[in-house]
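J.: The letter at position 316 of the sequence shown is residue 320 when you use the numbering used here, and the numbering goes up by one with no holes.
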Amino acid sequence: MVQADLGCPVSHQQVRHFANQIAIRNGFPEGVGKRWLQSFMDRNKEVKTLPGKSMDSDRYNGASTELIKAFFMLLSMPAVRIVKQKNRYNVDEVGMMEGIGLNGLFLGCKDKKSVLIRQPGSRSWITILECISATGKVLRPLVIFKGKTVQQQHFPEKLDFLEDWEFTCSEKGWTNNHMALIWLKTVFIPSTKPENPKEPRLLILDGHGSHMTEDFLFECYNNNIFVLFLPAHASHVLQPLDVAVFGPLKRAYRKFLSDLASVADSSHIGKITFLYTYDKARKEAITKLNALAGWKATGLWPVNLAKVLMNPMVTQPPKTPAPVVTAISPAKGKNSRLLMTPRSSVQLRRALQAVPGVVSEDPAVRLLFRKIGSQLDSHNFETERQRREITIMQLEKEEYLPKKRKKVIYNGNAEFAKVPAILKAREQMRKVLQPQRTSYRIKKLKLEDLCTQFHLNIH
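1) Excluding sequence positions up to five away, which residues of its chain have a Cβ less than 8 Å from the Cβ of residue 234?
2) Could you give the distance in angstroms between the alpha-carbon of residue 253 and the alpha-carbon of residue 427?
3) Please identify the residue among 47, 263 and 27 whose C-alpha is closest to the C-alpha of residue 385.
4) Out of curiosity, what's the CA-to-CA distance linking residue 316 and residue 430?
5) Pick out whichever of 434, 48, 176 and 137 has its Cα sitting closest to the Cα of residue 153.
6) Would you mind working out which of 31, 36 and 32 sits nearest residue 21, comparing C-alpha positions?
7) Mind reading off the beta-carbon distance from residue 93 to residue 136? Whole number of angstroms is fine, and I expect it under 8 Å.
8) Taking 7 Å as the CB-CB limit, is residue 211 close to chain D?
9) Which residues in the same chain as residue 150 place their Cβ atom closer than 8 Å to its Cβ, once the five residues preceding and following it in sequence are excluded?
10) Determine which residues share a DSSP beta bridge with residue 169 and list them.
11) In angstroms with no decimal places, state the Cα-to-Cα distance between residue 268 and residue 262.
12) Over the uninterrupted alpha helix (DSSP H) stretch that includes residue 131, give me the two end residues.
13) Mapping the DSSP letters down to three states, classify residue 223 as helix, strand or coil.
14) Alpha carbon to alpha carbon, how far is residue 96 from residue 224? Give it in angstroms, no decimals.
15) Determine the closest residue to residue 146 out of 54, 155 and 134, with distance taken between C-alpha atoms.
16) For a test of the three-state rule: what should DSSP assign to residue 206, helix, strand or coil?
17) Relative to the alpha-carbon of residue 198, which residue among 91, 81 and 424 has its alpha-carbon at the smallest distance?
18) Cβ atoms of residue 255 and residue 229: under 7 Å apart, would you say?
19) Taking all protein chains shown into account, decide if residue 394 is buried (16 or more other Cβ within 10 angstroms of its Cβ) or exposed.
20) Spell out a yes or no on whether the stretch 294 to 301 and the stretch 244 to 251 are touching, meaning 3 or more CB-CB pairs, one atom from each, closer than 8 Å.
21) So, under 8 Å CB-CB, residue 69 and residue 320 are touching, yes? Tell me the CB distance rounded to an integer number of Å.
22) When DSSP labels each residue in this structure, what does residue 189 get in the three-state scheme?
23) Using only alpha-carbon positions, find the residue among 305, 425 and 422 that is nearest to residue 84.
24) So, at 7 Å on beta carbons, what are the nonlocal neighbours of residue 156 in its own chain, with the 5 sequence-adjacent residues on each side left out?
25) Leaving aside the five residues before and after residue 295 along the sequence, list all residues of the same chain whose C-beta is less than 6 Å from its C-beta, in chain order.
26) By how many angstroms is the C-alpha of residue 318 removed from the C-alpha of residue 185?
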């Protein structure tokens, strides 16, 4: 149970393996029986089988009480405390896939082992930058496509619902230094300008590299914006967008996309369908109610340290383990069985049986040997536990050894694409295509006329 509280619960297989190793050390080379695990759980009613929920180890370790308390100390600074509720904002990016993965059970011919499924759409990655205030205000989104430039064919004919959206592209479909700075200048600063220019603003965000550039911080300084970075890998407990907004957003997006796939299985899901679907999911999930819930659950507004410390995902400081007591080896006797040093309580009982009856029947001696045997078993258990920890540490060391890195080259864009620019590009494309189509029709008519004349001349 302590292991589970530390974020590393043991599976059924691991428990059996652990028990087998202890049994072998205790003199049972065949290990434990098939029903040992069930018997173990029957004997220990406080233990039960639970479903696991995966979480990155860095995120788990990042949400520690010490880091969270240090973060709230920054929130309690006088300059930050005077920032009004309406001037507090949280920004983060969320990643979406254009298509969806389909698996499960399907109907098909009984002679086949499986059936192929046509997946509706690609698996291209799209990043959206969202921002909410502590009063529930939602800023316009920035959509980042993967590619070099924004293409007009990625958008539907009717662009009314995208009127205030921003669009851009990057090589990997992620945000970069230039995009973060342009977003700050063109979206955040104009959209959040307080009525009184002297009122400070607070922008809470993760410590992504694109947010920590000198240009980004200098622009915030010039506009009286305090920037507060969340502790590394702690956004799942401290970021309002992560806690109460992005979860419902992704569920709604998958739901609408699945509904579309169930109606038209063979339809292609590309960027046009993505925009329609994400817009519907955004209207359902990024609401004032969810935004306020996120700020409250994280304890960021109203500021409440106790609220976030009660989150079960916050890790408590580790307790100092009790010192390991070394077992005392019994004295050797004349019997051949006693020439071998007992390594478990089982071997100790067998050695005791070889001792003359008067000694072995003495209650005080038997009590002493039971205590010694218990210490031997504890020692074996601790030895096996330490062996496993050493193995895990060796594997972790190998994982964290420096490896060659390849720099990611981002594609810088001068400005974000908006609906007017998309319409202009579309109109230019039509003007280019129109002469080509007219020329093609003239050539086709001339060819048809020649064919007609040739046909008449023959007859």
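C-beta: ideal position from N, C-alpha, C; glycine also.
T.: Here's the rundown:
1) One-based indexing of the sequence shown puts residue 234 at position 230. Result list for residue 234: 75, 208, 209, 210, 211, 242 and 243, in chain order.
2) Taking the sequence shown and counting its residues from 1, the one referred to as residue 253 is at position 249. Taking the sequence shown and counting its residues from 1, the one referred to as residue 427 is at position 423. So the alpha carbons of these two residues sit roughly 28 Å apart.
3) Your numbering for residue 385 matches position 381 in the sequence shown. The option with the nearest alpha carbon to residue 385 is 27.
4) Residue numbering aside, residue 316 sits at position 312 when the sequence shown is read from its first letter. Residue numbering aside, residue 430 sits at position 426 when the sequence shown is read from its first letter. Each residue's Cα considered, the two are about 52 Å apart.
5) Numbered from its first residue, the sequence shown carries residue 153 at position 149. When each option's Cα is compared against that of residue 153, the closest is 176.
6) By 1-based counting over the sequence shown, the position of residue 21 is 17. Of 31, 36 and 32, the residue nearest in Cα terms is 36.
7) On the sequence shown, residue 93 is found 89 positions in, with the first residue counted as 1. On the sequence shown, residue 136 is found 132 positions in, with the first residue counted as 1. Correct: roughly 7 Å between the Cβ atoms.
8) This model lacks chain D altogether, as it is built from one protein chain only.
9) As a working note, residue 150 is residue 146 in the sequence shown. These residues qualify, in order along the chain: 128, 129, 130, 173, 174, 175, 176 and 177.
10) Within the sequence shown, numbered from 1, the residue matching residue 169 stands at position 165. Partner(s): none; residue 169 has no beta bridge.
11) Working through the sequence shown from its first residue, we reach residue 268 at position 264. Working through the sequence shown from its first residue, we reach residue 262 at position 258. The predicted position of residue 268 is uncertain, since its pLDDT is 49 and thus under 50; no value can be drawn from it.
12) The residue given as residue 131 occupies position 127 in the sequence shown. Note, residue 131: premise wrong, no alpha helix (DSSP H); beta strand (DSSP E) at 129 to 137.
13) Counting from 1 along the sequence shown, the entry for residue 223 is found at position 219. It is helical.
14) For the purposes of this step, residue 224 is taken as the residue at position 220 of the sequence shown. For the purposes of this step, residue 96 is taken as the residue at position 92 of the sequence shown. Each residue's alpha carbon lies about 17 Å from the other.
15) Along the sequence shown, one-based indexing puts residue 146 at 142. Residue 146 has its Cα closest to that of 134, out of 54, 155 and 134.
16) The residue labelled residue 206 in the question sits at position 202 within the sequence shown. The answer is strand: DSSP assigns residue 206 an E or B state.
17) Start at 1 with the first residue of the sequence shown, and residue 198 comes out as number 194. With distances taken between Cα atoms, residue 198 lies closest to 91.
18) Residue mapping note: residue 229 aligns to position 225 of the sequence shown, counting from 1. Residue mapping note: residue 255 aligns to position 251 of the sequence shown, counting from 1. Remark: C-beta atoms of residue 229 and residue 255 do not approach each other more closely than 7 Å.
19) Taking the first residue of the sequence shown as 1, we reach residue 394 at position 390. Per the 10 Å Cβ criterion, exposed.
20) yes
21) Along the sequence shown, one-based indexing puts residue 69 at 65. Along the sequence shown, one-based indexing puts residue 320 at 316. The pair is a contact, with the Cβ atoms about 6 Å apart (cut-off 8 Å).
22) If you number the sequence shown from 1, residue 189 lands on position 185. In this structure, residue 189 counts as helix in the three-state DSSP scheme.
23) For the purposes of this step, residue 84 is taken as residue 80 along the sequence shown, with counting starting at 1. If we check each option's Cα against that of residue 84, 305 comes out closest.
24) As a first step, residue 156 must be located in the sequence shown, where it is residue number 152. So the qualifying residues of the chain are 426, 429, 430 and 433.
25) Counted from its first residue, the sequence shown places residue 295 at position 291. Correct list, in chain order: 136 and 140.
26) By one-based count along the sequence shown, residue 185 stands at place 181. By one-based count along the sequence shown, residue 318 stands at place 314. So the alpha carbons of these two residues sit roughly 32 Å apart.
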